[in-house]
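Chemist:
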Amino acid sequence: NAGVTQTPKFRVLKTGQSMTLLCAQDMNHEYMYWYRQDPGMGLRLIHYSVGEGTTAKGEVPDGYNVSRLKKQNFLLGLESAAPSQTSVYFCASSRAGDFTDTQYFGPGTRLTVL
Amino acid sequence: RKEVEQDPGPFNVPEGATVAFNCTYSNSASQSFFWYRQDCRKEPKLLMSVYSSGNEDGRFTAQLNRASQYISLLIRDSKLSDSATYLCVVNRQAGTALIFGKGTTLSVSS
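Those sequence lines, one after another, are chains A and B.
Those letters in the first sequence? Residues -16 to 97, by the numbering used here.
Those letters in the second sequence? Residues 21 to 130, by the numbering used here.
Here's what the structure looks like:
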């Protein structure tokens, strides 16, 4: 059981470039989440999904898109990266349960946008 | 008032000390409460849920005060391995996503 994995672990982008972060979970969880964590800001929810084929906006969705084509995968896309998107990105998953089930996090992706 | 507020610390304590963290939340409709732990440059992990009646897990005790809208975490007999950032987590109301506090940093020294 790998739990939640994220690809890549590190990335440096130039302003305006695009990229996709991949999150995969092998726990058959219904809910998946993308967060960003910045110094002094804590974890903030970008987008989330309550099941395959569904997505919803979180607290800070601007500049990001997501897709959940398969239950085990949740992709986060940056269409045109900006320096303000420099952050650590965490993916998480949980069983269905009104958002109150334990969230299991991936190891994070450290993204720098120059 | 911020949705979830924590004293950022750092709290520097010697091994064996007892330390307590508080967290306040702004929405009286909040239903679910948790403490997560995050080690330096690692992902957050659930430490414990917080129940209305209070709950204990070994050296860790969590309390909820709905009237005053705060949650506490007490760590007894601190270990070096307890050094981490402790995140207070609540939901705004039932059926909504969780809100993470910025965390309180604990450093336990020998």
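Glycine residues also receive a C-beta, built at the ideal position from the N, C-alpha and C atoms.
1) In whole angstroms, what separates the C-alpha of Q55 of chain A from that of A37 of chain B?
2) Which residues in the same chain have their Cβ closer than 8 Å to the Cβ of L28 of chain A, if we skip the five residues on either side of it in sequence?
3) Does the segment 59 to 73 of chain B come close enough to the segment 82 to 96 of chain B to have 3 or more Cβ pairs within less than 8 Å?
4) Under the three-state reduction of DSSP, which class applies to P149 of chain A: helix, strand or coil?
5) When the Cα atoms are used, what is the spatial distance from E35 of chain A to A75 of chain A?
6) What are the boundary residues of the beta strand (DSSP E) that includes F73 of chain A?
7) From R(-6) of chain A to Q113 of chain B, what distance separates their C-alpha atoms?
8) How about D45 of chain A: is its C-beta nearer than 7 Å to some C-beta of chain B?
9) Got a sec: is the Cβ-Cβ distance from K19 of chain B to anything in chain A below 7 Å?
10) Exposed or buried, which one is R51 of chain A when buried takes at least 16 other CB atoms within 10 Å?
11) Could I get the ranges of all uninterrupted beta strand (DSSP E) runs contained in the segment 53 to 93 of chain B, with 3 residues as the minimum, in chain order?
12) Going along chain A in order, which residues have a C-beta closer than 7 Å to the C-beta of N85 of chain B?
13) Secondary structure at M90 of chain A, three-state DSSP: helix, strand or coil?
14) Would you mind stating whether C60 of chain B and C108 of chain B have Cβ atoms separated by less than 7 Å?
15) Which of the residues in the segment 21 to 45 of chain B, read from start to end, lie with their CB under 7 Å from any CB of chain A?
16) Closer than 8 Å by beta-carbon distance: list the chain A residues that pair up with G115 of chain B, in chain order.
Modeler: Walking through what the data contain:
1) 43 Å
2) Y16, W17, Y18, G41, E42, V43
3) yes
4) The question about residue 149 of chain A has no answer here: the residues shown for chain A are numbered -16 through 97.
5) 15 Å
6) 70 to 77
7) 36 Å
8) no
9) Any answer about residue 19 of chain B is impossible in this case: the structure gives chain B only from 21 up to 130.
10) buried
11) 53 to 58, 64 to 69, 75 to 77, 80 to 85
12) Going along chain A, no residue has its Cβ under 7 Å from N85 of chain B, so there is no contact; the nearest lies around 20 Å.
13) Position check: residue 90 of chain A holds Pro in this sequence, whereas Met was assumed. If DSSP states are grouped into helix, strand and coil, P90 of chain A belongs with coil.
14) no
15) none
16) D81, F82
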